[in-house]
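Structure first, then comments.
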Amino acid sequence: NPYTKFIIVYIDDVLIFSTSIDQHFKHLQIFLSIMKHNGLAASASKLLLFQTKIHFLGHHIYQGTIKPIQRALVFAEKFSDAITDRKQLQKFLGCLNYVADFFPHLRQTCAP
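Take the sequence shown: its position 38, counted from the start at 1, is 38 in the UniProt record's numbering, and no numbers get skipped.
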């Protein structure tokens with residue numbers, strides 16, 4: 001799909017990214033024509049256009065960098081040094097999974 005080079009869709013969240021204003025206009029035109037062709041509409045009040053810093057799906061994106069949002073890091077710091085039961089372990093692994101893209105091989109390391 002050629003659109004995945006500049007559009008990310010997750011359920012009802014859409015991110016359109018470009019390297020220039022002119023390119024972004026073209027990408028928006030393509031996206032809006034796809035929406036129209038499929039009988040879809042977007043809420044104008046939810047649109048954020050031409051942003052240089054965004055929060056998308058729990059990530060902070062700015063100038064080519066992607067970082068987990070601060071809330072995820074604060075949540076991870078709340079765990080004690082010793083996990084004493086299965087429920088704590090599940091919560092901790094869930095938290096790690098949330099930021100796993102930032103740690104190479106983390107999923108393999110934590111696999112059962």
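Every residue gets a Cβ at the ideal spot worked out from N, C-alpha and C, and that includes glycine.
What is the rounded straight-line gap between the Cα of residue i and the Cα of residue j?
| i | j | result |
| --- | --- | --- |
| residue 15 | residue 101 | 18 angstroms |
| residue 12 | residue 47 | 12 angstroms |
| residue 59 | residue 107 | 19 angstroms |
| residue 111 | residue 9 | 28 angstroms |
| residue 35 | residue 79 | 44 angstroms |
| residue 23 | residue 31 | 12 angstroms |
| residue 42 | residue 4 | 19 angstroms |
| residue 53 | residue 64 | 10 angstroms |
| residue 75 | residue 45 | 30 angstroms |
Compare the C-alpha of residue i against each of the options and name the closest.
| i | options | result |
| --- | --- | --- |
| residue 66 | 99, 86, 41, 92 | 99 |
| residue 70 | 92, 55, 17 | 55 |
| residue 95 | 2, 77, 38, 7 | 77 |
| residue 50 | 109, 92, 87, 25 | 25 |
Answer yes or no: do residue i and residue j have a C-beta to C-beta separation smaller than 8 angstroms?
| i | j | result |
| --- | --- | --- |
| residue 27 | residue 18 | yes |
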